[in-house]
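J.: Counted from 1, the sequence shown has number 8 at position 22 by my numbering; the numbering is strictly sequential.
A virtual CB, placed ideally from N, CA and C, is assigned to each residue, including glycine.
This structure is a prediction, so every number in the text was calculated from the model and none was measured.
Submitted below is the structure of interest, expressed as C-alpha cells.
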Amino acid sequence: MKRYGILFTLLAAAVLGAAPAVETGELNGAAFRIDMPENWNGVLIVYCHGYNVKPVSYTGQKPEGLSVLAGAGFAVAQSGYSAGGWAIEEALVDTEALRRHFIRKHGQPKRTYVTGHSMGGFLTMTILETQPNRYDGGLALCGPLAPANHFLLRNVFDLLVVFEYFFPGALPPPAKVPSDYTRTRERDAEIEKVLDGNPERAGALRRLAGIRTNKELAATLVFFTYILKDIQQRAGGNPFDNRNTIYGGTGDDNAVNDGVSRHAADPRAAEYVRTYYTPTGRLTRPLLHVHTTYDALVPSATPNYYAELAGKTGSGELFVQQYVKSDGHCAIKPEQTTGALADLRRWAETGARPAPGPRQ
C-alpha cells in the first residue's frame, strides 16, 4: 500500500539519506532553485512564490519555499520570476521554462504537481487552467482565486477609495499612485496613527474590509497602495472603474457615495489585468485550495468565487476548498500543508476526492 502521509521536515533528510543536491542558476533573467533528492521518488513539486516587490533570488544555503520536501524524496523546483510585483505574465513563462529545464536535466517525472502561497496560489489556479496537460494537480494556498480585476477592484481599489474619502491626503490617490511610492514600516505607523485619531471612521473602514485592528488595517492600506502603483506601472494606467459602484456598510453610505472619487478605467490597462488573469473555472486536473478563516489581505470568502465558477462550468468535482482555523495571511502550519499535498496526490492518483471543510 502506498504511503502518502509523510512528515516533511528537515529531519527527514537525515533519516532518509543524504541531503538533497541543490542547483541554483538563472533562466532568461529569472533565478531558480532545484532541490533534488538522492533517492528521487519520481514526483516533481513546482512551487510558485507569492507577491514580492523584487524578483526572488536563491543562495541554496538554507531551505526556501517548500524545498524541505526534498528531504522526503520529492524534487522541488521554484522560480524567482524575472520581475517583481504582480508578475503573473512573467511567472507563467519563467515557471514553464524551469519545468522544461528540469526535464532536460533529470528526465520526465512520473507525476508533477504545482503549488504556491498567496499570489502563488493564484498562479497555481492559472497554470492548471492554461497548462493542464503538464500537471497532475494543484494545491493553492491562501490564494485570491477570483478574476484579478474583480479581486483587485473590490478588495484593493474600493477600500482605498473609501479611505481617501475618510482621510483625504493620508495616502496617494488610488487611481494615480506616484512612481516613487514605497512601502515602509514608518508609513504603516503613520497611517495607524491617522486611524487611531478618528475611531469612528477607522471602525467603519475595518468593518468594510473585515479587518480587526487598526494596526492590521494600516499595514494593509499601505501595501495595497503599493500594489496599485505596481499594477498601474505594468498596465500603463488605472485599470479600475468605480463609476457604477455603490458603496455600502460604511456607516454613512449616502455621504460616502456622494463624496468618494469616481474613476474611469484606462481600456488598455483594464485589458492587461483581465489577461493576467481571468479564470475560466474549467479544470481537467484536481485543484485543492486551503485558506485560513481570517485573512486581512485575502479575505477567506474570496475563493468562493472560484467554487461557484467551477460549478457553473461543470468542473465542480475537480475543485475542493478547505479551511484551517487560524488567523493571518497564509498562517497555514507545515503539517497542514503536507497533509493537503498528500490528499492532493491521493486524489490525483486514486480518484479519492478530499472532503471540503475544516483541515486539522
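Quick check: what's the CA-CA separation for Tyr44 versus Arg86?
T.: 19 angstroms
J.: Given a cut-off of 7 angstroms, decide if Glu115 and Thr261 are closer than it, judged by their beta-carbon atoms.
T.: no
J.: Beta-carbon separation of Gly123 and Arg271 under 7 angstroms?
T.: yes
J.: What residues in its chain sit with their C-beta under 7 angstroms from that of Ala282, if we drop five residues either side in the sequence?
T.: Ile197, Glu202, Thr206, His315
J.: Output needed for Phe108: all residues of its chain with C-beta closer than 6 angstroms, excluding positions within five of it in sequence on either side, in chain order.
T.: Gly129, Pro130
J.: According to DSSP, simplified to helix, strand and coil, what is Arg187?
T.: helix
J.: Skipping 5 residues on each side, what residues in its chain have a beta carbon closer than 7 angstroms to that of Tyr263?
T.: Ile74, Thr112, Ala134
J.: Is the stretch 91 to 106 in contact with the stretch 28 to 35, if contact means three or more CB pairs nearer than 8 angstroms?
T.: yes
J.: For Asp80, does the count of other Cβ atoms within 10 angstroms reach 16, so buried, or fall short, so exposed?
T.: Buried, because 16 or more other Cβ atoms sit within 10 Å of the Cβ of Asp80.
J.: Consult DSSP for Tyr67 and reduce its assignment to one of helix, strand or coil.
T.: coil
J.: Go through its chain and collect everything with a Cβ distance to Phe209's Cβ below 8 angstroms, but skip five positions before and after it.
T.: Arg169, Leu283
J.: Helix, strand or coil, according to DSSP, for Pro285 in the structure here?
T.: coil
J.: Which residues in the same chain have their Cβ closer than 7 angstroms to the Cβ of Leu330, if we skip the five residues on either side of it in sequence?
T.: Tyr99, Gly123, Leu125, Pro272, Leu274
J.: Once DSSP output is grouped into helix, strand and coil, what is the label at Gln307?
T.: strand
J.: Assuming Val310 and Pro342 make a contact with CB atoms under 8 angstroms, what is their CB distance in whole Å?
T.: Contact flag wrong, Cβ pair sits at about 13 angstroms.
J.: Return the CA-CA distance between Arg220 and Arg193, expressed in angstroms with no decimal places.
T.: 31 angstroms
J.: Helix, strand or coil for Thr206, going by three-state DSSP, please let me know.
T.: Looking at Thr206 - three-state DSSP - the assignment turns out to be helix.
J.: Quick check on the DSSP output: what are the complete beta strand (DSSP E) runs of length 3 or more inside the stretch 214 to 299, in order along the chain?
T.: 273 to 280
J.: Given a cut-off of 7 angstroms, decide if His249 and Asn230 are closer than it, judged by their beta-carbon atoms.
T.: no
J.: At a cut-off of 6 angstroms, is Glu335 close to the ligand GDP when judged by its beta-carbon and the heavy atoms of the ligand?
T.: Annotation note on the ligand GDP: not contained in the displayed structure, which lists no ligands.
J.: Which ranges does the alpha helix (DSSP H) cover as unbroken runs of at least 4 residues, wholly within the stretch 117 to 168, from first to last along the chain?
T.: Under the rule that a run must span 4 or more residues, the alpha helix (DSSP H) segments found entirely inside the stretch 117 to 168 read 134 to 137, 144 to 152.
J.: If the criterion is Cβ atoms closer than 7 angstroms, does the pair Val62 and Leu52 meet it?
T.: yes
J.: Alpha carbons only, please: which of Thr336, Asp182, Gly325 is nearest the one belonging to Pro344?
T.: Gly325
J.: On the DSSP bridge list, what partners appear for Arg332?
T.: DSSP, once it has assigned bridges, lists no residue as partnering Arg332.
J.: Which of helix, strand or coil does DSSP assign to Ala341?
T.: coil
J.: Are the Cβ atoms of Asn14 and Ala69 separated by less than 7 angstroms?
T.: no
J.: Give the range of the beta strand (DSSP E) segment to which Thr81 is assigned.
T.: DSSP places Thr81 outside any beta strand (DSSP E); the residue lies instead in the alpha helix (DSSP H), whose first and last residues are 74 to 92.
J.: What residues in its chain sit with their C-beta under 6 angstroms from that of Phe226, if we drop five residues either side in the sequence?
T.: Leu139, Phe143, Ala251
J.: Among Ile232, Ser247, Arg120, which one has its Cα closest to the Cα of Leu269?
T.: Arg120
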